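I have placed the structure first, in the form of structure tokens, so that the comments after it can refer back to it.
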Amino acid sequence: MQEVKELDFLISKINTGNPVLIYFSSENCSVCKVLKPKIENEIKNNFLKIELFEVKADLYKQIASHFTIFSIPSILVFFDKKEFNRQGRNISVPMFIKDIKRVYELFYME
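Given below as structure tokens:
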């Protein structure tokens with residue numbers, strides 16, 4: 006997962022139209038530290054075309070506010086330049102993966 010420090014970089018990645026996952030976390034968030042490897046592992050093993058980015062919301066408040074992030078951890082997923090899924094705080098990894106899989110298969114499976 007690549008850490009992002011610039012809003013413009015993130016917006017340019019979204020505007021490519023490729024699928025993008027943004028993981029918002031914080032330095033002092035223990036849930037974030039436990040959840041991150043689970044999400045990262047599932048995405049890398051099941052959805053090869055999704056680019057993974059992490060934003061430390063406590064350090065880069067401008068990015069968090071641009072995407073209207075009020076709690077951490079939060080996850081945003083973009084397909085075709087549009088926000089498809091937003092998860093926050095209490096995230097069920099199996100349900101999250103199921104939601105992503107449905108749309109991912111529409112875009113990338115034959």
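Counting from 6, one number per residue, gives the positions in the sequence shown under the working numbering.
Beta carbons: idealized from backbone N, C-alpha and C, even for Gly.
Keep in mind it's a predicted model, so treat the numbers as computed, not measured.
{"query": "Can you tell me where the beta strand (DSSP E) with L26 in it begins and where it stops?", "result": "V25 to S30"}
{"query": "Could you check which residue in S30, L53, L26 and E59 has the C-alpha nearest to that of S76?", "result": "S30"}
{"query": "Is L12 near I68, with beta carbons less than 7 angstroms apart?", "result": "yes"}
{"query": "Hey, out of D85, F89, F58 and F84, whose CA is closest to L15's CA?", "result": "F58"}
{"query": "Taking 7 angstroms as the threshold (C-beta atoms), are I44 and F83 in contact?", "result": "no"}
{"query": "Are the CB atoms of K54 and Y113 nearer to each other than 7 angstroms?", "result": "yes"}
{"query": "Could you check if V98 is buried or exposed, using at least 16 other CB atoms within 10 Å of its CB as the buried criterion?", "result": "exposed"}
{"query": "Is L40 buried or exposed, if buried means 16 or more other CB atoms sit within 10 Å of its CB?", "result": "buried"}
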